[in-house]
Amino acid sequence: MAKSSRRQGTHRAATCARKLLPFVFVLCIGLCFAMKQTACATEPASAQIKVDQVGYLPASAKIAVVTAPATHFEVKRASDDSTVFQGELGPATPDVDTGDSVQLADFSKLREPGTYYLNVPGVGRSWTFSIRRDVFSHTYYLAMRAFYGQRCGTAVDLGPEFPEYKHPACHLKGEFHASSGKQGERDNVGGWHDAGDYGRYVVNSGIATGTLLWTWEIFGARLKGIKLNIPESGNGTPDILNEARWNLEWMLKMHDDDGGAWHKQTSERFPAFVMPEDDHSTSMVVGTGKEPYKSTCATADLAAVAAIAARVYQPFDAKFAARNLEAARKAWLWTEKYPNVTFKNPPGVTTGEYGDDYCGDERLWAAAELWRTTGDPKYSEYFVKQYPDFRASLEAMTPEDWKDLADMGLWTYALGARKGSDPELLADIRKRTAQAAQAIVERTRKNPYHVSLQAKDYVWGSNGVAASYGTELLVANALSPDPAYVATALDNLHYLLGRNTFSLCWVTQVGANPYHHPHHRPSADKTREPWPGMLSGGPNAGRQDNVLRNLPQGLPPARIYADDQDSYASNEIAINWQAALVFLLAGTLPVN
Ligand SMILES: [Zn+2]
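Spelled out as structure tokens, the structure:
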């Protein structure tokens with residue numbers, strides 16, 4: 068999410084697969100002709116038939132979008148091109164967000180596990196997809212391992228599945244920046260690179276790490292057996308918690324002795340587009356430049372995340388859990404003393420700012436997590452007193468993000484209901500959350516693409532917004548179960564995995580037609596696929612980079628996107644969007 072530097076002189080080398088495409092096409096057409104079929108599994112897919120390229124759950128709705136005029140469709144088995152389902156396309160509906168004329172192909176009744184594609188006479192065939200109960204398991208695995216790929220201060224190696232995806236330890240030199248109130252060298256090992264750049268930011272770490280810890284709390288039964296093949300695998304702790312701990316340990320290092328947390332640790336300027344081990348700039352602990360040097364938003368985020376950690380690590384490492392609880396309490400005390408110290412980049416520092424002029428919502432989240440963990444009435448008293456100022460945020464038709472964390476506070480109060488929780492508040496949070504979820508469900512049903520995004524949501528990181536609508540719906544389902552919430556969360560996942568106007572799967576190396584060129588420094592080598600499992604930022608009507616500014620004027624918002632490394636405003640990756648994707652994917656996995 069950090070604004071990153073630009074790189075000049077883009078020239079995209081064709082991938083091997085693209086070079087082979089004409090040959091495959093001729094071969095396929097020949098085969099199809101010989102077999103006298105209208106489509107076969109090796110025929111190039113039409114971008115006008117949009118499917119979730121990963122697939123669909125057997126018992127869930129299965130909808131594809133067709134944007135060329137046609138009347139009916141067939142679902143064919145990929146292995147032998149046999150027809151297993153036939154149906155009529157729905158009426159053409161104009162979609163203002165994309166400019167497309169949309170017809171829906173509904174094959175929900177097909178439940179038999181397998182690998183399939185759609186054939187639409189007069190249009191062509193779709194990319195293949197699967198129907199299976201564990202259809203999203205591998206995507207979850209890659210999306211979680213993408214965090215491992217972002218680890219800083221250590222050698223990273225994705226192993227035999229991705230043999231070329233590794234690098235030696237990076238960013239080993241750290242120092243206190245003058246703005247931090249301290250000076251001298253600083254241990255620099257730990258944390259995840261935030262995005263396409265190599266900075267680390269406590270505020271964005273807050274929502275990203277908090278979301279992963281919640282993923283474990285809410286969906287642990289689905290995740291406990293999933294091995295991520297990371298260095299800690301097999302140590303007795305679930306791997307999602309092993310991976311989250313890598314960043315949490317760094318967040319704890321950002322905690323000063325007085326209880327406050329420094330805002331970020333980055334170089335002074337964005338590095339060149341180089342591999343992490345080739346960025347030799349010093350990583351600075353950056354503060355506010357004057358007393359008390361730490362920022363309230365960062366400190367409250369640390370308090371919230373450490374309070375969750377005190378709960379979830381308890382069964383696996385009680386000592387680590389206790390260390391987190393102590394840090395959370397200490398950070399909370401600091402925010403009582405300094406309730407709104409905000410952060411701006413000090414002179415000479417131009418990396419991401421993650422500026423936020425109001426830290427009341429971060430404090431609400433911290434108080435609620437501390438109450439949920441400890442049952443100490445001082446935290447609930449604060450929460451109850453603040454509640455009237457924040458309850459309306461549940462009705463806002465936008466999901467939580469790194470800057471707006473009130474929903475996380477309100478939800479955790481309700482999810483962690485305990486003796487002493489205010490019953491009226493609990494009922495009110497449940498009611499407001501359900502009403503918001505219901506409104507999102509209805510809106511999504513009316514959207515031609517069946518995505519929860521509205522025109523105003525095509526902002527920097529719109530794919531993260533789509534994933535966060537999924538988070539919101541799955542949290543609503545955890546509070547008041549409703550199959551429509553889960554179905555609508557899945558709709559947003561289908562959008563991200565290929566059922567969108569570009570027919571692109573927005574997770575690297577996933578699906579038959581993934582995007583190729585994220586704004587992500589370790590993926591700069593365009594002769595090979597990018598690092599796997601990473602969610603793109605997505606369409607952005609704000610056009611804050613030159614690639615987007617050069618797209619035709621008048622494009623509808625959902626089309627303002629470029630699969631271009633230089634388009635940091637539409638094609639960067641970031642840990643907060645990634646965490647929302649992981650949460651959404653985890654909610655689809657089978658319980659083992
Ligand atoms: Zn690094």
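What the sequence shown shows, in the numbering used here, is residues 68 to 659, in sequence order.
Where a beta carbon is used, it is the ideal one built from N, C-alpha and C, also for glycine.
Problem set entry | Cβ pair threonine 500, alanine 543 closer than 9 Å | yes
Problem set entry | Per-residue DSSP class, three states only, for arginine 336 | coil
For this session: Pull up the DSSP beta-bridge partners for alanine 262, would you.
Result: Ala641
Exercise. Is the stretch 177-195 touching the stretch 605-614 in the sense that three or more CB pairs, one from each, lie closer than 8 Å?
Worked result: no
Exercise. Leaving out the 5 sequence neighbours to the left and right, which residues in its chain are closer than 8 Å to tyrosine 178 when beta-carbon positions are compared?
Worked result: Note on residue identity: the sequence assigns arginine, not tyrosine, to residue 178. Hits under 8 Å: Pro125, Ala126 and Ile198.
Problem set entry | Any non-hydrogen atom of ligand 1 closer than 8 Å to aspartate 346 Cβ | yes
For this session: Would you be able to state if there are at least three C-beta pairs under 8 Å between the stretch 484-504 and the stretch 142-150?
Result: no
Exercise. What residue from Ala395, Thr349, Ser168 and Phe152 has the CA that sits closest to threonine 568's CA?
Worked result: Ser168
Exercise. How about proline 359 and aspartate 346: are their beta carbons less than 9 Å apart?
Worked result: no
Exercise. If we count the other Cβ atoms within 10 Å of its Cβ and call it buried at 16 or more, is isoleucine 642 buried or exposed?
Worked result: buried
Exercise. Rounded to a whole number of angstroms, what is the C-alpha to C-alpha distance between valine 93 and valine 577?
Worked result: The pLDDT assigned to valine 93 is 45, lower than 50, so where the model puts this residue is not dependable; a value taken from the coordinates is nonetheless given after this. One C-alpha to the other measures close to 26 Å.
Exercise. Pick out every residue whose C-beta is nearer than 7 Å to a heavy atom of ligand 1: which are they, in chain order?
Worked result: Cys219, Gly220, Cys237, His238, His260, Tyr265 and Pro343
Problem set entry | Exposure label - aspartate 261; buried when at least 16 CB within 10 Å | buried
Exercise. So what does serine 197 bridge to, in DSSP terms?
Worked result: Gly122 and Thr182
Exercise. Taking the continuous alpha helix (DSSP H) assigned at methionine 211, which residues delimit it?
Worked result: 204-216
Problem set entry | lysine 386 - DSSP class collapsed to helix/strand/coil | helix
Exercise. Alpha carbon to alpha carbon, how far is phenylalanine 450 from alanine 377?
Worked result: 19 Å
Exercise. If you check the beta carbons only, do leucine 557 and glycine 537 fall under 9 Å apart?
Worked result: yes
Exercise. Ordered along the chain, which non-local residues of its own chain (more than five positions away) have a Cβ less than 7 Å from that of alanine 328?
Worked result: Val269, Met321, His322, Lys361, Ala365, Thr366, Leu369 and Ala398
Problem set entry | Whole-angstrom distance between threonine 304 and lysine 291, CA atom to CA atom | 9 Å
For this session: Kindly indicate which three-state DSSP category valine 451 falls into: helix, strand or coil?
Result: helix
Problem set entry | Per DSSP, cross-strand counterpart(s) of alanine 501 | In the DSSP output, where bridge partners are listed per residue, alanine 501 has none listed.
For this session: Indicate whether the contact test is met: 3 or more Cβ pairs, each with one atom in the stretch 469-480 and one in the stretch 399-417, closer than 8 Å.
Result: no
Exercise. Looking only at C-alpha atoms, which of Pro589, Leu482, Phe286 and Leu560 sits nearest to glutamate 8?
Worked result: Coverage of the chain is limited to positions 68 through 659, which leaves residue 8 absent and any answer about it impossible.
Exercise. Per DSSP, what kind of secondary structure is serine 168 in: helix, strand or coil?
Worked result: strand
For this session: Counting only the same chain and skipping the five closest in sequence on each side, list residues whose C-beta sits under 8 Å from that of tryptophan 283.
Result: Leu290, Pro305, Ile307, Leu308, Ala311 and Val379
For this session: Go to alanine 131, then tell me how far its beta strand (DSSP E) extends in each direction, as first and last residue.
Result: 130-133
Problem set entry | the stretch 423-433 / the stretch 384-392 touching (three or more Cβ pairs under 8 Å) | no
For this session: Please classify alanine 484: does DSSP put it in a helix, a strand, or coil?
Result: coil
Problem set entry | Pair within 9 Å by beta-carbon distance, serine 535 and aspartate 468 | yes
Exercise. Whose C-alpha, out of Leu225, His517 and Leu651, is nearest the C-alpha of proline 161?
Worked result: His517
Exercise. Can we count glutamine 521 as close to ligand 3, meaning its CB is less than 8 Å from some heavy atom?
Worked result: This structure lacks ligand 3; the ligands present are ligand 1.
Exercise. From this set, Thr555, Thr134 and Lys129, which residue's C-alpha is nearest glutamine 115's C-alpha?
Worked result: Thr134
Problem set entry | Per-residue burial, histidine 561 [other beta carbons within 10 Å of its own, 16 or more giving buried] | buried
Exercise. Using the rule of at least 16 other Cβ atoms within 10 Å of the residue's Cβ for burial, across every protein chain shown, is lysine 117 buried or exposed?
Worked result: buried
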